[in-house]
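Asker: Take a look at the following structure, please.
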Amino acid sequence: MSLGQQLAPHLPFLRRYGRALTGSQSHGDHYVRATLEAIVAAPEEFPRDIDPRLALYRTFQAIWSSANAAGREEAVAVSGSDPESIARARMARMTPLSRQALLLTAMEGFTPEDAAFLIDTDSATLEALVGDALSEIEKQTRARVLIIEDEPIIAMDIETIVRDLGHDVTGVAVTRDEAVALAMEDRPGLVLADIQLADDSSGIDAVKDILAQFAVPVIFITAFPERLLTGERPEPTFLITKPFQRSTVKAAIAQALFFDEATLPAE
401 MSLGQQLAPH LPFLRRYGRA LTGSQSHGDH YVRATLEAIV AAPEEFPRDI DPRLALYRTF
461 QAIWSSANAA GREEAVAVSG SDPESIARAR MARMTPLSRQ ALLLTAMEGF TPEDAAFLID
521 TDSATLEALV GDALSEIEKQ TRARVLIIED EPIIAMDIET IVRDLGHDVT GVAVTRDEAV
581 ALAMEDRPGL VLADIQLADD SSGIDAVKDI LAQFAVPVIF ITAFPERLLT GERPEPTFLI
641 TKPFQRSTVK AAIAQALFFD EATLPAE
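Residue numbering for the sequence shown is 401 to 667, as defined by the numbering used here.
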């Protein structure tokens, strides 16, 4: 099997990680492209003595760390309310390594040992970093959350997780029209949306309708994440895979709110 064939199944999920880490599809996908370009340019330097997925993320981490350590973010300069400015305002409260540790374990499913290898630290430090990230989440400003999910059991599970995290739930919608109506009636600060809804409508279309009225961070939930992580069209920045773990939802919510201006903690 060629190297490209070995890496192909892991690329959608590397895009998910890159997008969650940067808060942007374009910026996350940029780092993934840079990772692939580095591998193509010097295939002999790609680690062949470890699992291909681990080696792929390790290469990504090296590029991400190098770019950020040198302050060479290749984002377009924008106003102080853009995601990058918001993230910078939060960096004094939460280090990039803490966020990486949490995302790698809770969202990407790496073991603490593998995650420690990816960010070039030891397991004890990795556990401490995850603890720091979780402590920071507890200080995060609470949000009002709209849930769009047509499966009652899953909707109840999500609602319980959201409320246990200290957030309020503005409503639970099972169709596109109901979701839009609830959003207009009680404006949420975060949307958690399933892709396929009860009346064969789309959670993506529901979100598009809502975003046409006001800006709000969105997390999509789907059993087929690779379909929305191709990098070939406008796609979600934050994506949870069904079936999900509580820790995954917690990490995704925290990261989505991390880049939202409305949830900046008070000085």
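All C-beta atoms in this analysis are idealised placements derived from N, C-alpha and C, irrespective of residue type, glycine included.
Going by DSSP, name the residue or residues bridged to ILE619.
Answerer: On the sequence shown, residue 619 is found 219 positions in, with the first residue counted as 1. ILE619 pairs with LEU592, PHE638.
Asker: Here's a check: name, in chain order, each residue in its chain whose Cβ is nearer than 6 Å to the Cβ of GLU473, leaving out the five neighbours to either side.
Answerer: Counted from its first residue, the sequence shown places residue 473 at position 73. Note on GLU473: pLDDT 43, under 50, position unreliable in the model; no value is reported.
Asker: How long is the line joining the alpha carbons of HIS427 and HIS567, rounded to whole angstroms?
Answerer: Within the sequence shown, numbered from 1, the residue matching residue 427 stands at position 27. Within the sequence shown, numbered from 1, the residue matching residue 567 stands at position 167. Cα to Cα, HIS427 sits roughly 28 Å from HIS567.
Asker: Note the first and the last residue of the continuous alpha helix (DSSP H) segment covering GLY428.
Answerer: Here the question's residue 428 lines up with position 28 in the sequence shown. Looking at the DSSP string, the run of the alpha helix (DSSP H) that includes GLY428 is 425-441.
Asker: Would you please state the rounded distance, in angstroms, between the beta carbons of VAL562 and VAL545? I believe it to be under 8 Å.
Answerer: Residue 562 sits at position 162 when you count from the first residue of the sequence shown. Residue 545 sits at position 145 when you count from the first residue of the sequence shown. Contact holds; Cβ gap of about 5 Å.
Asker: Looking only at its own chain, which residues have a Cβ that is under 6 Å from the Cβ of GLU513, when we skip the five neighbours before and after it?
Answerer: For the purposes of this step, residue 513 is identified with residue 113 of the sequence shown, where counting begins at 1. These residues qualify, in order along the chain: SER523.
Asker: Here's the rule I'm using: 16 or more other beta-carbon atoms within 10 Å means buried, otherwise exposed. How should PHE624 be labelled?
Answerer: Here residue 624 is taken as the residue at index 224 of the sequence shown, counted from 1. Exposed, since its Cβ has fewer than 16 Cβ neighbours within 10 Å.
Asker: Report yes if the C-beta distance between PHE460 and LEU414 is below 8 Å; otherwise report no.
Answerer: Position 60 of the sequence shown, counted from the start, is the residue given in the question as residue 460. Position 14 of the sequence shown, counted from the start, is the residue given in the question as residue 414. Yes, they are a contact pair.
Asker: Reducing DSSP to helix, strand and coil, say where THR570 ends up.
Answerer: For this step, residue 570 is matched to residue 170 along the sequence shown. Strand, per DSSP.
Asker: Provide the residue(s) that pair with LEU546 in DSSP beta bridges, ordered along the chain.
Answerer: Within the sequence shown, residue 546 is the residue found at index 146, counting from 1. Note: LEU546 sits in a beta bridge opposite GLY571, VAL591.
Asker: Rounding to the nearest angstrom, what Cα-Cα distance links LYS642 and ILE621 in this structure?
Answerer: Here residue 642 is taken as the residue at index 242 of the sequence shown, counted from 1. Here residue 621 is taken as the residue at index 221 of the sequence shown, counted from 1. When rounded, the distance between both Cα atoms is 7 Å.
Asker: Find out if the Cβ-Cβ distance for the pair ILE463, THR435 is shorter than 8 Å.
Answerer: As a working mapping, residue 463 is identified with position 63 in the sequence shown. As a working mapping, residue 435 is identified with position 35 in the sequence shown. In contact: ILE463 and THR435 (Cβ atoms closer than 8 Å).
Asker: Give me, in chain order, the residues of the same chain whose beta-carbon lies closer than 7 Å to that of GLU444; leave out the 5 immediate sequence neighbours on both sides.
Answerer: For the purposes of this step, residue 444 is identified with residue 44 of the sequence shown, where counting begins at 1. The answer is none, since no qualifying residue turns up.
Asker: If you pair each beta-carbon of the stretch 603-615 with each one of the stretch 648-658, do three or more pairs fall below 8 Å?
Answerer: No, the stretch 603-615 does not touch the stretch 648-658.
Asker: Could you tell me the distance, in whole angstroms, from the CA atom of ILE604 to the CA atom of GLU585?
Answerer: Indexing the sequence shown from 1 puts residue 604 at position 204. Indexing the sequence shown from 1 puts residue 585 at position 185. Roughly 19 Å separates the two Cα atoms.
Asker: Would you call the stretch 592-604 in contact with the stretch 546-561, where contact means no fewer than 3 C-beta pairs closer than 8 Å?
Answerer: Yes, they touch.
Asker: Counting contacts by CB-CB distance shorter than 8 Å, is ILE558 in contact with chain C?
Answerer: This model lacks chain C altogether, as it is built from one protein chain only.
Asker: Are there 16 or more other CB atoms within 10 angstroms of the CB of VAL440, so buried, or fewer, so exposed?
Answerer: Taking the sequence shown and counting its residues from 1, the one referred to as residue 440 is at position 40. With fewer than 16 other Cβ atoms within 10 Å, it is exposed.
Asker: Confirm, please, whether the CB-CB distance from ALA420 to GLN655 is below 8 Å.
Answerer: Within the sequence shown, the letter at position 255 stands for residue 655. Within the sequence shown, the letter at position 20 stands for residue 420. For GLN655 and ALA420, yes; Cβs fall inside 8 Å.
Asker: What does DSSP give as the partner residues of SER602 in its beta bridges?
Answerer: If you number the sequence shown from 1, residue 602 lands on position 202. SER602 pairs with GLN596.
Asker: Thinking just about the alpha-carbon of each residue, which of ILE558, GLU626, GLU527 is nearest to the one in PRO412?
Answerer: Your numbering for residue 412 matches position 12 in the sequence shown. Of the listed residues, the one whose Cα sits closest to PRO412 is GLU626.
Asker: Taking its Cβ as the centre, do 16 or more other Cβ atoms sit within 10 Å of GLN405, making it buried, or is it exposed?
Answerer: Locating residue 405 in the sequence shown gives position 5, where the first residue counts as 1. Under this definition GLN405 is an exposed residue.
Asker: Quick one: measure Cβ to Cβ for GLN425 and GLU632, integer angstroms, because I've assumed they're closer than 8 Å.
Answerer: Taking the sequence shown and counting its residues from 1, one reaches residue 425 at position 25. Taking the sequence shown and counting its residues from 1, one reaches residue 632 at position 232. In fact, because the Cβ distance is near 11 Å, the residues do not count as touching under 8 Å.
Asker: Sort PRO588, THR630, VAL580 by Cα distance to ALA606 and report the nearest one.
Answerer: As a first step, residue 606 must be located in the sequence shown, where it is residue number 206. Nearest option by C-alpha distance: VAL580.
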